[in-house]
Structure formats: structure tokens, C-alpha cells
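Residue numbers (this note's numbering): 62 to 266.
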């Protein structure tokens, strides 16, 4: 199982972090190791190497079929479940890494940095590209988005990624975060929703 993530896939989030950023012409892809996966409501422990870990709430797609060089028009055949997840980012490390132009795995792919919710069938929804999702911290909504605002849609992402990586059953694709990211702190209670269904529920330790 591999975790594939898309960066800079919502225009307003890009402005939030990079006001002068040029809109990417192709999906920006990075990977997380399987040791990054945090599931079953287990707590997230803030690592000792960062003083500023941010939540980034995202729609996550689970691949259900082996595929390579998938045509965009057939991409919807390759996933059957979705959920909401959090791409935790060590923002202070990310800033330093960006300054030097080095790879950013340590700020994105550290242990437990990919929180994942309970999966639901994709056919439960009329249109995967018109889904609302949001994150609550201690009962207050802190981030919300709609997949209609993606710069690169789910099927585009799958077609693009499959040019470089064979997609296997169980692979996860984190599709990018909307505007509203922010830091987490010890003791907080995080709850992630897809439409109005809570699929993610855990604490920060």
C-alpha cells in the first residue's frame, strides 16, 4: 500500500500559504510511506522535531483495482470508496526545506502524518466532484471545502499519477486541502466530516 498526495490543489489555499505562487499546470505529487498512516481513531502525538504541526483536511480516495496508464475517462472505475483524512505537515520544517529547495518528505511523511477516517462507498454520493467536507476542533468548525473547487479533479489525478506509478488495490490518494489550515495543540479533539457524516474522530496528544 502506498499513500499518494496532491499538493496545491485548491487556489485559495495556495494564496493562503504562497500569495505569489503560479498556478500549477500539472498535479503536484508527493508520497508518504505506509508508516505515516494513522487509523482507527488512534491519537496523534505531536513529534518532538516540530513546534508547528498543521492540519490539512482532505478528501481521500481508495484505489480498488490494479491500473497503469489509466485514461481519464475510465478513472472512475478504479476507486470505490472515499473518506476524509488529514495530511499533517510540520510547517516549520517545510519553510526551512523550501528555502533550500530540498525534498520535503520529513515535513510531510513522518510517522502518523496521514490520519484516515472510515471509508464509505463512493456510489453513496451523486457526484464526487461536488462533495462538502469539513474539520471540527473541539466542536468548532475550523476548515471546510468542496471538491468542486479542486484545480485537478479526482479522475485527472488518477490518470496523471498512473503514468508514473502502478496503482494497486488499497492505495490511497489524498487529493489536496482547501483554505483554512492551521496548527494543532495537545488535548484537542479533531472530527472530520464528509457531507454531514462524521468519518474521522481522534485526539491530539
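Even for Gly, the Cβ is constructed at its ideal location relative to N, Cα and C.
- Close CB contacts of residue 178 within its chain, under the 7 angstroms cut and outside five residues either way in sequence, are with 144, 145, 146, 253, 260, 261 (chain order).
- It is roughly 7 angstroms from the alpha-carbon of residue 184 to the alpha-carbon of residue 141.
- In the DSSP annotation of this structure, the continuous segment of the alpha helix (DSSP H) that includes residue 157 starts and ends at 152–161.
- For residue 246, there is no enclosing alpha helix (DSSP H), as DSSP marks it with neither H nor E.
- Just so you know, the alpha carbons of residue 249 and residue 234 end up roughly 26 angstroms apart.
- Residues of the same chain with a CB within less than 6 angstroms of the CB of residue 63, apart from the 5 flanking positions on each side, are 232 in chain order.
- Judged by DSSP secondary structure, residue 169 falls within the alpha helix (DSSP H) whose first and last residues are 166–169.
- In this structure, residue 148 and residue 238 form a Cβ contact; the two beta carbons are roughly 6 angstroms apart against a cut-off of 8 angstroms.
- Residue environment: residue 209 is assigned as exposed (fewer than 16 neighbouring CB atoms within 10 Å of its CB, all protein chains considered).
- Looking at the DSSP output, residue 148 sits in a beta bridge with 175.
- Residue nearest to residue 107 within the set 70, 176, 68 is 176 (criterion: CA-CA distance).
- In the DSSP assignment, the residues bridged to residue 66 are 91, 235.
- Under the DSSP assignment, residue 84 falls outside any alpha helix (DSSP H); it carries neither an H nor an E label.
- When the beta-carbon positions are compared, residue 127 and residue 201 stay at least 8 angstroms from each other.
- Bounds of the alpha helix (DSSP H) holding residue 219 are 215–222.
- If the five residues before and after residue 191 are omitted, its C-beta is found closer than 6 angstroms to the C-beta atoms of 209, all from its own chain and listed in chain order.
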